[in-house]
Amino acid sequence: MLAACLAAVKHPSCAESTGERGDCRAMHKKWTYHPNSNQCIRFFYSGCHGNSNNFDTQEECEQRCRF
Numbered sequence: 001m002l003a004a005c006l007a008a009v010k011h012p013s014c015a016e017s018t019g020e021r022g023d024c025r026a027m028h029k030k031w032t033y034h035p036n037s038n039q040c041i042r043f044f045y046s047g048c049h050g051n052s053n054n055f056d057t058q059e060e061c062e063q064r065c066r067f
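When we follow UniProt numbering, the leftmost residue of the sequence shown carries the number 1, and every step to the right adds one.
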C-alpha cells in the first residue's frame with residue numbers, strides 16, 4: 001500500500017492498476033509498474049483501451065515510478 005502511495009506522488013499513472021492489455025490485436029512490448037514489488041515488469045499491450053500505467057521502456061517506467 002505504501003509503495004502505491006509513494007509511486008502516485010512520483011507520477012499519477014503509476015497508481016493505476018498494472019498495465020492492461022486492451023482490446024485490439026497488436027502485441028506491443030511495454031513496461032508497467034507493479035507497486036507491490038516496486039518493480040517494472042514487461043507486458044504486451046494491444047494498442048488500444050488499456051490504461052496509463054504503460055511505458056515504452058523499462059528505464060522510463062523506473063524513472064517515473066520506482067522510489
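By construction, the Cβ of each residue, glycine as well, lies at the ideal position given by its N, Cα and C atoms. These figures come from a predicted structure and were not determined experimentally.
Candidates the options: which alpha carbon is nearest residue i's?
i: Gln-58; options: Gly-50, Tyr-33 and Lys-10; result: Tyr-33
i: Gln-39; options: Arg-66, His-28 and Lys-10; result: Arg-66
i: Ile-41; options: Asp-56, Cys-24 and Gly-47; result: Asp-56
i: Arg-36; options: Cys-24, His-28, Ser-17 and Gln-63; result: Reading off the sequence shown, one finds Asn at residue 36, where the question assumed Arg. The shortest C-alpha separation from Asn-36 is found at Ser-17.
i: Met-27; options: Gly-50, Cys-61 and Lys-10; result: Gly-50
i: Phe-44; options: Ser-52, His-11, Lys-10 and Gly-19; result: Gly-19
i: Gly-47; options: Arg-64, His-11, Gly-22 and Glu-62; result: Gly-22
i: Pro-12; options: Ser-52, Glu-62, Glu-60 and Lys-30; result: Ser-52
What are the residues that DSSP puts in a beta bridge with residue i?
i: Lys-30; result: Phe-43
i: Phe-55; result: Trp-31
I want to check one thing, is the minimum distance from the CB of residue i to the heavy atoms of the ligand MG below 7 Å?
i: Cys-40; result: Looking for the ligand MG in the displayed structure turns up nothing, as the structure carries no ligands at all.
Count the other CB atoms within 10 Å of the CB of residue i; is the residue buried (16 or more) or exposed (fewer)?
i: Cys-14; result: buried
i: Cys-24; result: exposed
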